[in-house]
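Student: Residue numbers (this note's numbering), protein chains in the order written: chain A, 1125 to 1578; chain B, 17 to 260. Cβ atoms here follow ideal geometry from the backbone N, Cα and C, with glycine treated the same way. Structure provided below as structure tokens; questions to follow.
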Amino acid sequence: MKNHPELAEQFNTDEARVNWHDETLWWVRTKRDRMSHALPEWEQLRESASQIKNNVLSNLSDYLIQFESNAKANGIIVHWAADANEHNAIVLSLLRQQGATQMVKSKSMLTEECHLNEYLEQNNIDVVDSDLGERVVQLAKEPPSHIVLPCIHKKKEEIGELFHEHLGTPKGNADPQFLTHAARLHLREKFLTRKVALTGVNFAIADTGEFVVCTNEGNADMGAHLADVHIASMGIEKIIPQRKHLGVFLRILARSATGQPVTTYSSHFKKPREGKAIHIILVDNGRSIHLGRPDFRNALKCIRCGACMNTCPVYRRSGGHSYHTAIAGPIGSILAPNLDMKKYADLPFASTLCGSCSNVCPVKIDIHDQLFKWRQVIVKEGYATSGKKVGMKVMNSVLSHPSLYRTSGKIGRWIMNHFPSVVNNKLNPWFRQREMPEPPKESFREWYQKNKKR
Amino acid sequence: MKVALFIPCYVDQFYPQVGIATLELLTKLGVEVTYPLQQTCCGQPMANSGFAHLTPNCDSLFIKNFSDFDYIVCPSGSCTLHIKEHLHDEIRPDEALSIRKKIYELTEFLTDILKVKNLTASFPHKVGLHQSCHGQRGLHLSQMTELTAPPFSKPERLLRMVDGLQLIELDRKDECCGFGGTFCVTEEAVSVKMGKDRITDHTKHEAEFITGGDMSCLMHLEGILRRQHSHVRVKHIAEILNAQ
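See below:
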């Protein structure tokens, strides 16, 4: 499998497209800035959100049990899933109970993480993603490239082409309004005929046993209200203690995500209607292990707004797919190694540690510090390449011995001056698109000894 | 006031003029500066690559060289930040901690400790300021565009004291240049693209020079500029603040 640098290089073969991708996401970042800068209490909101989530993580088991008992009292059926397999099996069994072979699903990054769609397909269930962006990538047989803007890597012309092929829109039509209308008609039929709908969960309230789903398209509501059975899949970290805490989270979520004051729909689900059923699946899938890593546990504060992706100068220029995991970008790079350190050993290195991600994070996750810390863990666990290990050891021993450092520096500069081709060649990744610095005759130290030393 | 100069290894080897400018500038401002001769590196190249466990020797060498001073001044935000955040020593933990507190990046030393109000420098050119991320977001040398907070900038304040210097506005005030230490070679494609975009933001606004507090960012941008045969040049902020 290709790693981040290889996939990023591939993405960068079309520079005009990289520019377009970068500018599109930067535009979202600027919208976020406008919205957040308009609130004098913004930094206080971030701090409150962070503290509430810290409290949740420190009392997670209690809140979960409280939520379970309140949800049950409301008539919701609660399931627990230790991992992705258990989660997927529960969804399938619920579908089988209904005799359903079709399901409509609104956006849920958890189901991406669990690879639910592939699993259900193998079991002959037809899943339709009802979020417009997710539907687009589903038709293209691709994973989402962004957690909030799943098809942000696709141009409208490409979407027109996909819709022509799958929904029968006229060839060459790339008018966004026209295509959205076509998608609406196509999805409406799905909503009306599906008996089971799955949604994600943005917030679950321990105190009341209800949960909240935020969308801009109303597709979660359409699915859930028209189906007989509503399945809600939720990562266990999505709990918040009380309803009043939504006042903080709903204000920061959409502002951080897309620069809107609030999501168009923030729907509360508390109890099933007469004759209908609500199931909620509480999924661990590595979260308890994550919670047990003191340096990394606060990554579980994440509310999946995607602000760190929009601001990340690397994400904007490498594309979501270069991260080869369900959740791309800076937050994905600190979540993924917890699930599989070897497979995702490249991701914490896909960053310049510029720190912009930590600054936009509405729940104040120390993302770039965690990237640094994951690097140490990954190297210690033995997942660095042998070339890198040798190189670092040599470099370290040179820099630990002043006279060796000075001699190597002198020889190095002499070689660069007299035999530049030793470094100016294709094997040197620096030199591919950049000139090497011009080595001076004397180092600063040499100058200092001649001119200043008394 | 005993002040030591810490010149990062790559500045010592490739950009002696930055060390010289820093030394001359501080001397001009009445500071007596010593350059400890056995210094090498802060250890950041290893640590940022995940090899922090290799750096105890670098760390103890740093402590040996610098613990005798009241202040340590360094013309690099990145190396200063590394020392501030990561210098440690199991045998001499207190000395490590004290160094963490007394190391200053050059511009913050000028504005916060020396409280410089004016300079005699002259640099009649259009200049763009590239803020290194570690200096800005790490050391808070200037306000960050992500935060809802009042603006300020220590390097900008100093540049405004330079005669004839015209500071240009950038579209993206604090976008990273893509150097990122070993990132610049391990993620070559993205690193170069980021550098090219950073340069375009400067050339679009007619900069003749790109300056900044970190020569590592500037080395990366210079490499691209020279490959492009551009006339835009890079200059470390110490060279501009010391320019006659």
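Measure the alpha-carbon distance for D1352 (chain A) versus C1238 (chain A) and round it to whole angstroms.
Tutor: Sequence index remark: in the first sequence, residue 1352 (chain A) carries index 228 (1-based). Sequence index remark: in the first sequence, residue 1238 (chain A) carries index 114 (1-based). Their backbone Cα atoms lie some 24 Å apart in a straight line.
Student: Using the beta-carbon of each residue, which ones in chain A are nearer than 7 Å to M210 (chain B)?
Tutor: Here residue 210 (chain B) corresponds to residue number 194 of the second sequence, with the count starting at 1. Result: P1437, R1441.
Student: Given this structure, state the Cα-to-Cα distance separating S148 (chain B) from E1139 (chain A), to the nearest angstrom.
Tutor: As a first step, residue 148 (chain B) is located in the second sequence; it is residue number 132 there, counting from the start. As a first step, residue 1139 (chain A) is located in the first sequence; it is residue number 15 there, counting from the start. Near 25 Å, if we compare the C-alpha coordinates of E1139 (chain A) and S148 (chain B).
Student: Since I believe N1194 (chain A) is in contact with T1332 (chain A) (beta carbons under 8 Å), could you give me their beta-carbon distance rounded to a whole number of angstroms?
Tutor: Residue numbering aside, residue 1332 (chain A) sits at position 208 when the first sequence is read from its first letter. Residue numbering aside, residue 1194 (chain A) sits at position 70 when the first sequence is read from its first letter. Yes, they are in contact, since the Cβ atoms of T1332 (chain A) and N1194 (chain A) sit about 6 Å apart, within 8 Å.
Student: Nearest chain A C-beta to H69 (chain B) closer than 8 Å, yes or no?
Tutor: By one-based count along the second sequence, residue 69 (chain B) stands at place 53. At least one chain A Cβ lies under 8 Å of H69 (chain B).
Student: Note down the Cα distance separating L157 (chain B) from C1275 (chain A), rounded to an integer number of angstroms.
Tutor: Within the second sequence, the letter at position 141 stands for residue 157 (chain B). Within the first sequence, the letter at position 151 stands for residue 1275 (chain A). Taking the straight line from one Cα to the other gives about 37 Å.
Student: Could you compute how far the alpha carbon of Q55 (chain B) sits from the alpha carbon of E1566 (chain A)?
Tutor: For the purposes of this step, residue 55 (chain B) is identified with residue 39 of the second sequence, where counting begins at 1. For the purposes of this step, residue 1566 (chain A) is identified with residue 442 of the first sequence, where counting begins at 1. Cα to Cα, Q55 (chain B) sits roughly 16 Å from E1566 (chain A).
Student: When you compare the CB positions of L183 (chain B) and V143 (chain B), do they come within less than 8 Å of one another, or not?
Tutor: For the purposes of this step, residue 183 (chain B) is identified with residue 167 of the second sequence, where counting begins at 1. For the purposes of this step, residue 143 (chain B) is identified with residue 127 of the second sequence, where counting begins at 1. Contact flag set, yes.
Student: Determine whether the Cβ of Y1468 (chain A) lies closer than 8 Å to any Cβ atom of chain B.
Tutor: If you number the first sequence from 1, residue 1468 (chain A) lands on position 344. Chain B contact via Cβ: absent.
Student: Can the beta-carbon of L1586 (chain A) be found less than 8 Å from the beta-carbon of I1451 (chain A)?
Tutor: The question about residue 1586 (chain A) has no answer here: the residues shown for chain A are numbered 1125 through 1578.
Student: Name, going along the chain, the residues of the stretch 134 to 154 of chain B whose beta-carbon falls closer than 7 Å to a beta-carbon of chain A.
Tutor: Within the stretch 134 to 154 of chain B, the residues whose Cβ lies closer than 7 Å to some Cβ of chain A are C149, R153, G154, listed in chain order.
Student: Could you name the residues that DSSP lists as bridge partners for V1372 (chain A)?
Tutor: As a working mapping, residue 1372 (chain A) is identified with position 248 in the first sequence. V1372 (chain A) pairs with nothing; no bridge assigned.
Student: Going by DSSP, name the residue or residues bridged to H218 (chain B).
Tutor: Residue mapping note: residue 218 (chain B) aligns to position 202 of the second sequence, counting from 1. DSSP, once it has assigned bridges, lists no residue as partnering H218 (chain B).
Student: DSSP on A1321 (chain A), reduced to helix/strand/coil?
Tutor: As a first step, residue 1321 (chain A) is located in the first sequence; it is residue number 197 there, counting from the start. Note: A1321 (chain A) maps to strand in three-state DSSP.
Student: Answer yes or no: does any C-beta atom of chain A fall closer than 8 Å to that of V206 (chain B)?
Tutor: Taking the first residue of the second sequence as position 1, residue 206 (chain B) is located at position 190. Judged by the 8 Å Cβ criterion, V206 (chain B) is in contact with chain A.
Student: Using the beta-carbon of each residue, which ones in chain A are nearer than 8 Å to F195 (chain B)?
Tutor: Within the second sequence, residue 195 (chain B) is the residue found at index 179, counting from 1. Neighbours of F195 (chain B) on chain A, chain order: T1476.
Student: Say the cut is 7 Å; is the CB of F139 (chain B) nearer than that to a heavy atom of the ligand GDP?
Tutor: Summarising the ligand content, the structure contains no ligands, and the ligand GDP is consequently not present.
Student: Pair every Cβ in the stretch 1544 to 1555 of chain A with every Cβ in the stretch 33 to 53 of chain B, then say whether three or more of these pairs are closer than 8 Å.
Tutor: Segments in contact, no.
Student: Within 10 angstroms of the Cβ of W1166 (chain A), are there 16 or more other Cβ atoms? Answer buried if so, exposed if not.
Tutor: Reading the first sequence from its first residue, position 42 is the one you call residue 1166 (chain A). Buried, by the Cβ-count rule.
Student: What number of angstroms, rounded off, separates the C-alpha of R1158 (chain A) from the C-alpha of S1412 (chain A)?
Tutor: Looking up residue 1158 (chain A) in the first sequence gives position 34. Looking up residue 1412 (chain A) in the first sequence gives position 288. Answer to the nearest angstrom: the Cα atoms are 37 Å apart.
Student: Need the endpoints of the beta strand (DSSP E) that I23 (chain B) sits in, please.
Tutor: Reading the second sequence from its first residue, position 7 is the one you call residue 23 (chain B). No beta strand (DSSP E) holds I23 (chain B); DSSP gives it neither H nor E.
Student: Please work out which residues of its chain come closer than 6 Å, Cβ to Cβ, to F125 (chain B), disregarding the five sequence neighbours upstream and downstream, and give them in chain order.
Tutor: Within the second sequence, residue 125 (chain B) is the residue found at index 109, counting from 1. Cβ neighbours of F125 (chain B) beyond the five flanking positions: V89.
Student: Evaluate the contact criterion for the stretch 216 to 224 of chain B versus the stretch 184 to 202 of chain B: three or more CB pairs, one atom per stretch, below 8 Å.
Tutor: Contact between the stretch 216 to 224 of chain B and the stretch 184 to 202 of chain B is present, because at least three Cβ pairs lie under 8 Å.
Student: Go ahead and pull the three-state DSSP assignment for S232 (chain B).
Tutor: As a working note, residue 232 (chain B) is residue 216 in the second sequence. Looking at S232 (chain B) - three-state DSSP - the assignment turns out to be helix.
Student: Taking the alpha carbon of K1517 (chain A) as the reference point, which residue from B:A37, B:T43, B:H69 has its own alpha carbon closest?
Tutor: Within the first sequence, the letter at position 393 stands for residue 1517 (chain A). It is B:H69.
Student: Taking Cβ positions only, does D28 (chain B) come closer than 8 Å to chain A?
Tutor: Position 12 of the second sequence, counted from the start, is the residue given in the question as residue 28 (chain B). Yes, D28 (chain B) lies at the interface with chain A (some Cβ there is under 8 Å from its Cβ).
Student: Roughly how many angstroms lie between the CA atoms of H247 (chain B) and E1242 (chain A), to the nearest whole one?
Tutor: As a working note, residue 247 (chain B) is residue 231 in the second sequence. As a working note, residue 1242 (chain A) is residue 118 in the first sequence. The straight-line gap from Cα to Cα measures roughly 54 Å.
Student: To the nearest angstrom, how far is the alpha carbon of K1574 (chain A) from that of C1426 (chain A)?
Tutor: Translated into positions along the first sequence, residue 1574 (chain A) becomes position 450. Translated into positions along the first sequence, residue 1426 (chain A) becomes position 302. Taking the straight line from one Cα to the other gives about 56 Å.
Student: According to DSSP, is M1125 (chain A) part of a helix, a strand, or is it coil?
Tutor: Counting from 1 along the first sequence, the entry for residue 1125 (chain A) is found at position 1. Residue state, collapsed to three classes: coil.
Student: Please report whether the beta-carbon of I23 (chain B) lies at a distance below 8 Å from any beta-carbon of chain A.
Tutor: As a first step, residue 23 (chain B) must be located in the second sequence, where it is residue number 7. True, the Cβ-Cβ gap to chain A drops below 8 Å.
Student: DSSP beta-bridge partners for G239 (chain B)?
Tutor: Taking the second sequence and counting its residues from 1, the one referred to as residue 239 (chain B) is at position 223. In the DSSP output, where bridge partners are listed per residue, G239 (chain B) has none listed.
Student: Please state if the CB of V1228 (chain A) and the CB of F1302 (chain A) are separated by a distance shorter than 8 Å.
Tutor: Reading the first sequence from its first residue, position 178 is the one you call residue 1302 (chain A). Reading the first sequence from its first residue, position 104 is the one you call residue 1228 (chain A). No.
Student: Indicate whether C1485 (chain A) and C1436 (chain A) have their beta-carbon atoms separated by less than 8 Å.
Tutor: Against the first sequence, residue 1485 (chain A) aligns to sequence position 361. Against the first sequence, residue 1436 (chain A) aligns to sequence position 312. No.
Student: Just checking: is the beta-carbon of G66 (chain B) within a distance shorter than 8 Å of some beta-carbon in chain A?
Tutor: What you label residue 66 (chain B) is simply residue 50 of the second sequence in a count that begins at 1. At least one chain A Cβ lies under 8 Å of G66 (chain B).
Student: Would you verify that the beta carbon of Y1572 (chain A) is, or is not, closer than 8 Å to some beta carbon of chain B?
Tutor: Taking the first residue of the first sequence as 1, we reach residue 1572 (chain A) at position 448. Yes, Y1572 (chain A) lies at the interface with chain B (some Cβ there is under 8 Å from its Cβ).
Student: At which residue ranges does the stretch 1228 to 1273 of chain A contain complete alpha helix (DSSP H) runs of 4 or more residues, listed in the order of the chain?
Tutor: Fully enclosed alpha helix (DSSP H) runs of 4 or longer: 1233 to 1237, 1240 to 1246, 1256 to 1263.
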